[in-house]
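A.B. asks:
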Ligand SMILES: Nc1ncnc2c1ncn2[C@@H]1O[C@H](COP(=O)(O)OP(=O)(O)OP(=O)(O)O)[C@@H](O)[C@H]1O
Ligand SMILES: [Mg+2]
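Residue numbers (full-length UniProt numbering), protein chains in the order written: chain F, 1 to 268; chain B, 1 to 272.
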C-alpha cells in the first residue's frame with residue numbers, strides 16, 4: 001500500500017467512523033428532527049439518482065433544481081472573477097486609485113451580502129438575475145482585494161528587469177504582472193468560491209421556485225426532514241467537489257512554484 | 001573609436017529617513033563604441049546605482065547620461081542588463097528556456113527565438129537545464145541563465161552588475177572568456193561592475209576605480225595588455241601583476257582629495 005492510499009484511508013476512516021456513530025445514535029434516540037444517515041442516503045438516492053438509465057439515472061429533480069443552482073453559482077462566481085480581476089488589476093496598477101476607492105472597497109466588503117438580497121429583489125424581482133447579482137456582489141470583494149494585493153507586490157527586481165528589456169503592454173500585463181499576482185488571485189478565488197455556494201443557497205431560500213435552497217425550504221415546510229437533510233448533505237458534497245477541482249486547477253496553474261508555497265487570502 | 005556612452009557629472013541622492021543619502025556624486029566618464037569598461041569600487045559605494053542610472057531605470061538627481069549623443073531619459077533600446085540580484089530578476093513562472101526567450105518575443109518569431117535561446121544556453125553551459133524552473137537551479141546556474149538572457153538579446157550596450165559573483169572559479173574563467181569572445185564577435189559595448197580586481201584587469205580595456213560612498217571616479221586606467229587575453233599567461237604577465245597592484249592601491253588608499261578625476265595614460269587606448 002502506498003503512502004498516498006494510507007493517508008487517504010486515514011483521512012476517511014475518521015469520517016466513516018463519525019457517520020457510523022451518528023447512525024447508531026440517531027437510531028437509538030429516534031428523534032424526528034435527526035433522521036439516521038442511512039435514511040438520508042436513501043432519500044438522496046430517491047430524489048436524485050433513481051432516474052432512467054438513458055439520463056445516467058439522474059431524476060427530473062436534478063435537471064430542475066440541482067443543475068440550475070450549480071449554474072447560477074458558477075455563473076455568478078465566473079462573473080465575479082472576470083470583474084474582480086479586471087478591477088483589481090486596474091486599481092492595483094494605478095498609483096492613486098486605491099487612495100480614492102480603498103475605503104469604498106473596505107465598506108463594500110463589510111456589507112454582509114445576504115442583507116442585499118431584499119435590495120436585489122426589489123431591483124430585479126424574483127429569479128435568476130437577482131440571484132446572480134447577489135452572488136456576484138458577495139463574491140467579488142475577496143477577488144478584487146487579493147488581485148490588488150498581488151499586482152501591487154510585483155517584485156521590484158522583476159519590474160526593473162521587464163523595464164530594462166522594454167517589455168510593455170500585453171506582454172507586461174500577461175507575462176509579468178498577472179503571473180506574479182496569480183498565487184494571491186487564487187487565494188481570493190478559493191474564498192469567493194465557498195462564498196458563492198453560501199450565497200447561492202441563501203438567495204434561493206428567499207425568492208425562487210427552483211434550486212437546491214428552494215427544495216430545502218420546501219421540504220422543511222412539509223416536514224420532510226430526510227429531504228431537507230439530503231439538501232444539506234448535497235451542499236456539503238458540492239462544496240467539497242468544487243473546492244477540490246479548484247485546488248487541482250490551482251496546482252496546475254502554479255506548478256512553477258517551489259513546493260509547499262501557498263498564498264494566504266487577504267481580506268475576504 | 002566613436003563615443004557610445006557619455007556620463008557627465010552624474011549624481012544620485014536617495015531619500016533616507018534622516019534627509020537624503022548621496023550614493024553617487026559628480027561622476028564623469030565616457031565609454032567608446034565596442035569598449036569593455038570595468039568598474040571597481042568598495043562595497044556599497046554606489047556601483048549598482050551608477051548602472052541603474054546609465055540604463056535609464058533610475059533618474060539621476062544631477063548630471064546626465066548620453067547614449068549615442070542622445071540624452072537617456074527612459075530605458076534606451078538595444079540595451080540589456082544583468083542584475084546583481086540575478087535570482088530575483090528571473091521569472092519563476094517561466095522555464096529557463098522561456099526566461100531567455102521572453103525579451104525576444106517582441107522582435108523574433110518562435111523558431112528564431114528558440115534557436116537564439118538554445119545557443120545562449122549552450123554558451124553558458126546550461127543546455128541540460130533548459131526545461132527546468134529557476135528555483136530548481138543552484139545560484140551559480142541561475143546567474144548563468146541571467147547572462148544567457150542578456151546575450152541572447154544581443155544588445156549594443158551590455159550592463160553587467162557583478163555577473164560572475166556566484167559561480168565557481170572554473171566556470172568563472174569560462175564565462176569571462178565567453179564574454180570577451182561574444183563582445184568581439186558581436187561588437188558589443190560592455191560596462192561591467194565587479195568586486196574582483198583581477199577580473200577587472202583581465203576583462204577590461206579600461207578600469208574605472210570608484211571611491212567609497214558617495215562614489216566619484218578615483219582613476220580611469222587604460223589596461224595596456226594585448227587584446228588577446230589568456231587565463232594563464234595573461235594573469236602571470238608582469239604587466240597584469242603591476243596593473244592589479246595599482247588598482248588595489250587605488251582602492252585601498254585612494255588619493256586624499258579627488259578634485260578632478262585623474263585620467264592616467266590618457267593617450268593609450270587599447271584597440272586603436
Ligand atoms: N533605494 C534606495 N534607497 C535608499 N538608499 C539606497 C537605495 N539603494 C541603494 N541605497 C544606498 O546607496 C548606497 C549605494 O548602493 P548601491 O547598491 O549602488 O551600492 P553598490 O556599490 O552596488 O554596493 P554592492 O557592492 O554591495 O553591490 C548604499 O549605501 C545603499 O544603502
Ligand atoms: Mg551593487
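The C-beta atom is built at its ideal place from N, Cα and C for all residues, glycine as well.
Would you say residue 192 (chain B) lies against chain F (beta-carbon separation less than 7 Å)?
C.D. replies: For the purposes of this step, residue 192 (chain B) is taken as the residue at position 192 of the second chain. No, because no Cβ of chain F sits closer than 7 Å to the Cβ of residue 192 (chain B).
A.B. asks: If you check the beta carbons only, do residue 114 (chain F) and residue 202 (chain F) fall under 7 Å apart?
C.D. replies: Translated into positions along the first chain, residue 114 (chain F) becomes position 114. Translated into positions along the first chain, residue 202 (chain F) becomes position 202. For residue 114 (chain F) and residue 202 (chain F), yes; Cβs fall inside 7 Å.
A.B. asks: With DSSP as the reference, please indicate the residues paired to residue 6 (chain B) in a beta bridge.
C.D. replies: In the second chain, counting from the first residue as 1, residue 6 (chain B) sits at position 6. DSSP lists B:30 and B:66 as partners of residue 6 (chain B).
A.B. asks: Could you check whether residue 81 (chain B) and residue 164 (chain F) sit closer than 7 Å to each other, using their CB atoms as the reference points?
C.D. replies: Position 164 of the first chain, counted from the start, is the residue given in the question as residue 164 (chain F). Position 81 of the second chain, counted from the start, is the residue given in the question as residue 81 (chain B). Taking 7 Å as the Cβ cut-off, residue 164 (chain F) and residue 81 (chain B) qualify as a contacting pair.
A.B. asks: With a threshold of 7 Å between beta carbons, is residue 157 (chain F) in contact with chain B?
C.D. replies: As a working note, residue 157 (chain F) is residue 157 in the first chain. Closer than 7 Å to some Cβ of chain B, the Cβ of residue 157 (chain F) qualifies, so yes.
A.B. asks: Rounded to whole angstroms, what is the Cα-Cα separation between residue 253 (chain F) and residue 87 (chain B)?
C.D. replies: On the first chain, position 253 is the one that residue 253 (chain F) refers to. On the second chain, position 87 is the one that residue 87 (chain B) refers to. Computed Cα separation, rounded: 22 Å.
A.B. asks: What number of angstroms, rounded off, separates the C-alpha of residue 240 (chain F) from the C-alpha of residue 234 (chain F)?
C.D. replies: The residue labelled residue 240 (chain F) in the question sits at position 240 within the first chain. The residue labelled residue 234 (chain F) in the question sits at position 234 within the first chain. Going by the C-alpha atoms only, they are around 10 Å apart.
A.B. asks: Across which residues does DSSP place residue 161 (chain B) in a beta bridge pair?
C.D. replies: Taking the second chain and counting its residues from 1, one reaches residue 161 (chain B) at position 161. DSSP lists B:193 as partners of residue 161 (chain B).
A.B. asks: Is the CB-CB distance between residue 148 (chain F) and residue 80 (chain F) below 7 Å?
C.D. replies: Here the question's residue 148 (chain F) lines up with position 148 in the first chain. Here the question's residue 80 (chain F) lines up with position 80 in the first chain. No.
A.B. asks: Give every residue of the same chain whose Cβ lies closer than 8 Å to the Cβ of residue 95 (chain B), excluding the five residues on either side of it in the sequence, and list them in chain order.
C.D. replies: The residue you call residue 95 (chain B) lines up with position 95 of the second chain. 130, 131, 132 and 133.
A.B. asks: Expressed to the nearest angstrom, what Euclidean distance is found between the alpha-carbon atoms of residue 117 (chain B) and residue 109 (chain B)?
C.D. replies: Here the question's residue 117 (chain B) lines up with position 117 in the second chain. Here the question's residue 109 (chain B) lines up with position 109 in the second chain. The straight-line gap from Cα to Cα measures roughly 12 Å.
A.B. asks: Can you confirm whether residue 153 (chain F), when its beta carbon is compared against all beta carbons of chain B, has any partner nearer than 7 Å?
C.D. replies: The sequence position of residue 153 (chain F) within the first chain is 153, counting from 1. For residue 153 (chain F), the answer is no, since every Cβ of chain B falls outside 7 Å of its Cβ.
A.B. asks: Tell me whether residue 89 (chain B) counts as near ligand 1, meaning its Cβ is closer than 6 Å to at least one heavy atom of that ligand.
C.D. replies: For this step, residue 89 (chain B) is matched to residue 89 along the second chain. No; taking the cut-off as 6 Å, the Cβ of residue 89 (chain B) has no heavy atom of ligand 1 nearer than that.
A.B. asks: Going by C-alpha distance, which of B:1, B:35 and B:61 is nearest residue 21 (chain B)?
C.D. replies: By 1-based counting over the second chain, the position of residue 21 (chain B) is 21. Taking only the C-alpha atoms, the option nearest residue 21 (chain B) is B:61.
A.B. asks: Using 10 angstroms around the beta-carbon of residue 214 (chain F), count the other beta-carbons present and answer buried if the total reaches 16, otherwise exposed.
C.D. replies: Translated into the one-based positions of the first chain, residue 214 (chain F) becomes position 214. That one is buried.
A.B. asks: For residue 222 (chain F), is the classification buried or exposed, using 16 other Cβ atoms within 10 angstroms of its Cβ as the cut-off for buried?
C.D. replies: Translated into positions along the first chain, residue 222 (chain F) becomes position 222. Exposed: under 16 other Cβ atoms inside 10 Å.
A.B. asks: Quick check: what's the CA-CA separation for residue 143 (chain F) versus residue 200 (chain F)?
C.D. replies: Your numbering for residue 143 (chain F) matches position 143 in the first chain. Your numbering for residue 200 (chain F) matches position 200 in the first chain. Cα-Cα distance, rounded: 17 Å.
A.B. asks: Is it the case that the CB of residue 10 (chain F) approaches a heavy atom of ligand 2 more closely than 6 Å?
C.D. replies: The sequence position of residue 10 (chain F) within the first chain is 10, counting from 1. No - ligand 2 has no heavy atom lying nearer than 6 Å to the Cβ of residue 10 (chain F).
A.B. asks: I want to verify the contact list: residues of chain F whose CB lies under 7 Å from the CB of residue 89 (chain B), in sequence order.
C.D. replies: Looking up residue 89 (chain B) in the second chain gives position 89. Under the 7 Å cutoff, chain F gives 157, 158 and 161.
A.B. asks: Residues bridged to residue 154 (chain F) by DSSP?
C.D. replies: The residue labelled residue 154 (chain F) in the question sits at position 154 within the first chain. None, per the DSSP bridge assignment.
A.B. asks: Would you say the beta carbon of residue 17 (chain B) comes nearer than 6 Å to a heavy atom of ligand 3?
C.D. replies: Among the ligands modelled here, namely ligand 1 and ligand 2, ligand 3 does not occur.
A.B. asks: Hey, how far is the Cα of residue 172 (chain F) from the Cα of residue 165 (chain B)?
C.D. replies: Looking up residue 172 (chain F) in the first chain gives position 172. Looking up residue 165 (chain B) in the second chain gives position 165. So the alpha carbons of these two residues sit roughly 29 Å apart.
A.B. asks: Which residue comes first and which comes last in the alpha helix (DSSP H) that contains residue 248 (chain F)?
C.D. replies: Numbered from 1 along the first chain, position 248 holds the residue referred to as residue 248 (chain F). Segment 225-253, the alpha helix (DSSP H) holding residue 248 (chain F).
A.B. asks: So which residues of chain B does residue 256 (chain F) contact, with C-beta pairs closer than 7 Å?
C.D. replies: Within the first chain, the letter at position 256 stands for residue 256 (chain F). Ordered by position in chain B, the residues that pass the 7 Å Cβ test against residue 256 (chain F) are 92, 93 and 133.
A.B. asks: Going by Cα to Cα distance, which pick from F:82, F:36 and F:19 is closest to residue 186 (chain F)?
C.D. replies: As a position in the first chain, residue 186 (chain F) is number 186, starting the count at 1. Cα-wise, what sits closest to residue 186 (chain F) is F:82.
A.B. asks: Taking 6 Å as the line, does the beta carbon of residue 84 (chain B) fall inside it for any heavy atom of ligand 2?
C.D. replies: Numbered from 1 along the second chain, position 84 holds the residue referred to as residue 84 (chain B). Indeed, a heavy atom of ligand 2 lies less than 6 Å from the Cβ.
A.B. asks: Would you list the one or two residues that DSSP bridges to residue 39 (chain B)?
C.D. replies: Start at 1 with the first residue of the second chain, and residue 39 (chain B) comes out as number 39. DSSP, once it has assigned bridges, lists B:193 and B:208 as partnering residue 39 (chain B).
A.B. asks: Taking Cβ-Cβ distances shorter than 9 Å, what residues in chain F pair up with residue 83 (chain B)?
C.D. replies: Counting from 1 along the second chain, the entry for residue 83 (chain B) is found at position 83. Here the neighbours are 157, 160, 161 and 164.
A.B. asks: Rounded to whole angstroms, how far is the Cβ of residue 206 (chain F) from the Cβ of residue 121 (chain F), which I believe are closer than 8 Å?
C.D. replies: The residue you call residue 206 (chain F) lines up with position 206 of the first chain. The residue you call residue 121 (chain F) lines up with position 121 of the first chain. Indeed they touch by this definition, with Cβ atoms about 7 Å apart.
A.B. asks: Thinking C-beta only, is residue 78 (chain F) closer than 7 Å to residue 230 (chain F)?
C.D. replies: Looking up residue 230 (chain F) in the first chain gives position 230. Looking up residue 78 (chain F) in the first chain gives position 78. Their beta carbons are not under 7 Å apart, which means residue 230 (chain F) does not touch residue 78 (chain F) by this criterion.
A.B. asks: Report yes if the C-beta of residue 48 (chain B) is less than 6 Å from at least one heavy atom of ligand 1; otherwise report no.
C.D. replies: The sequence position of residue 48 (chain B) within the second chain is 48, counting from 1. Checking every heavy atom of ligand 1 against the Cβ of residue 48 (chain B), one is found closer than 6 Å.
A.B. asks: Tell me whether residue 211 (chain B) counts as near ligand 1, meaning its Cβ is closer than 6 Å to at least one heavy atom of that ligand.
C.D. replies: Along the second chain, one-based indexing puts residue 211 (chain B) at 211. No; taking the cut-off as 6 Å, the Cβ of residue 211 (chain B) has no heavy atom of ligand 1 nearer than that.
A.B. asks: Please determine whether the Cβ atom of residue 23 (chain B) lies at a distance below 6 Å from any heavy atom of ligand 1.
C.D. replies: Position 23 of the second chain holds residue 23 (chain B). Yes.
A.B. asks: Kindly indicate the opening and closing residues of the alpha helix (DSSP H) around residue 90 (chain F).
C.D. replies: The residue you call residue 90 (chain F) lines up with position 90 of the first chain. Where residue 90 (chain F) is concerned, the enclosing alpha helix (DSSP H) stretches over 67-93.
A.B. asks: So, is the C-beta of residue 277 (chain B) closer than 7 Å to a C-beta in chain F?
C.D. replies: The displayed coordinates of chain B run from 1 to 272. Any statement about residue 277 (chain B) would go beyond what the structure contains.
A.B. asks: In the DSSP assignment, what residue or residues form a beta bridge with residue 274 (chain B)?
C.D. replies: This structure leaves residue 274 (chain B) out entirely; chain B is present only between 1 and 272.
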